[in-house]
Amino acid sequence: MFQLRITSSKLLVLAGALFLNTALSLPQAVAGQVSPPPLVLSPNLAEPWVLQLQPRASRRAAAPVQRRQVVQPQVRRANWWSPRQQPVRQQPLRQQPQASAPKSRQTAPQFLPTIVDYDGKHKPGTIVIDTNTRHLYLVQNDGTARRYGVGVGKPGFEWAGTHKITRKSEWPDWRPPAEMRKRRPDLPTFMAGGPQNPLGARALYLGSTLYRIHGSNQPWTIGHAVSSGCIRMRNEDVMDLYERVGVGTKVIVI
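Letter by letter, the sequence shown follows residues -31 to -1, 1 to 223 of mature numbering (1 follows the signal peptide of the UniProt record, and there is no 0).
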């Protein structure tokens, strides 16, 4: 019994000595351990978590992280005086503008020659010119009249009266009177007869006046008040009238 107690005490002493030896040798064992493996970094040293491992001074010197920004296109208001500043846009196909209809060079249908009934008081062979309706009538023997469209004097140049044809001329020359050249200094003093002559193909002179029934190289003016007092006709119409009347024919302008 006594021997067993001694043995227990020895065991306790040995256990304490072992514990003390282990405690004293533990730091040395820890100090003698192999160093941990080095930290392996990602090849992309610009990653944000890597930058956090660097010292503060190094972090300032590190290249800034470049992030791709998506920029929304801005549509600028059209600047008409500086086309280069306008955004480039795909233009829709433009339709070719339709050519505007050229001004009619023809006489209106109501001023083309025709045969009409006539029950007036004037004798056959008389020429009656109605400046209001812009028509010339040649009275015939069968109760009808040949009607032609005419151009008459513009405002300020209207006139009325009764005259006789005193002269006839084919492709007449033109000598603008002094009064006309005073108003129009650009007019020539003389123009030989021909297609470009304003008197046209034929002229019927009225008494001692400066007025005439004559043709025109501007048929679209027939039916309008455009002349300086003369009575205009289409060239083909004045040629037809020229053959139907002679010197001395009575002309009544109303």
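Where a beta carbon is used, it is the ideal one built from N, C-alpha and C, also for glycine.
Among the options, nearest to residue i - alpha-carbon criterion
i           : options       : result
residue 120 : 215, 216, 180 : 180
residue 165 : 111, 186, 80  : 186
Counterpart residues of residue i in DSSP-defined beta bridges
i           : result
residue 113 : 86
residue 193 : DSSP output for residue 193 lists no bridge partner at all.
residue 130 : 222
Length of the line joining the Cα atoms of residue i and residue j
i           : j           : result
residue 90  : residue 158 : 42 Å
residue 196 : residue 82  : 20 Å
residue 135 : residue 219 : 10 Å
residue 78  : residue 199 : 22 Å
residue 124 : residue 191 : 15 Å
residue 209 : residue 151 : 34 Å
residue 108 : residue 206 : 15 Å
residue 126 : residue 100 : 12 Å
Near the ligand ATP: residue i beta-carbon under 8 Å from a heavy atom
i           : result
residue 191 : This structure does not include the ligand ATP; it has no bound ligands of any sort.
Pair within 9 Å by beta-carbon distance, residue i and residue j
i           : j           : result
residue 222 : residue 130 : yes
residue 234 : residue 118 : This structure leaves residue 234 out entirely; the chain is present only between -31 and 223.
residue 170 : residue 182 : no
Where residue i falls: helix, strand or coil (DSSP)
i           : result
residue 216 : coil
residue 143 : strand
residue 119 : coil
residue 160 : strand
residue 171 : strand
residue 210 : helix
residue 137 : strand
residue 103 : coil
residue 204 : helix
residue 181 : strand
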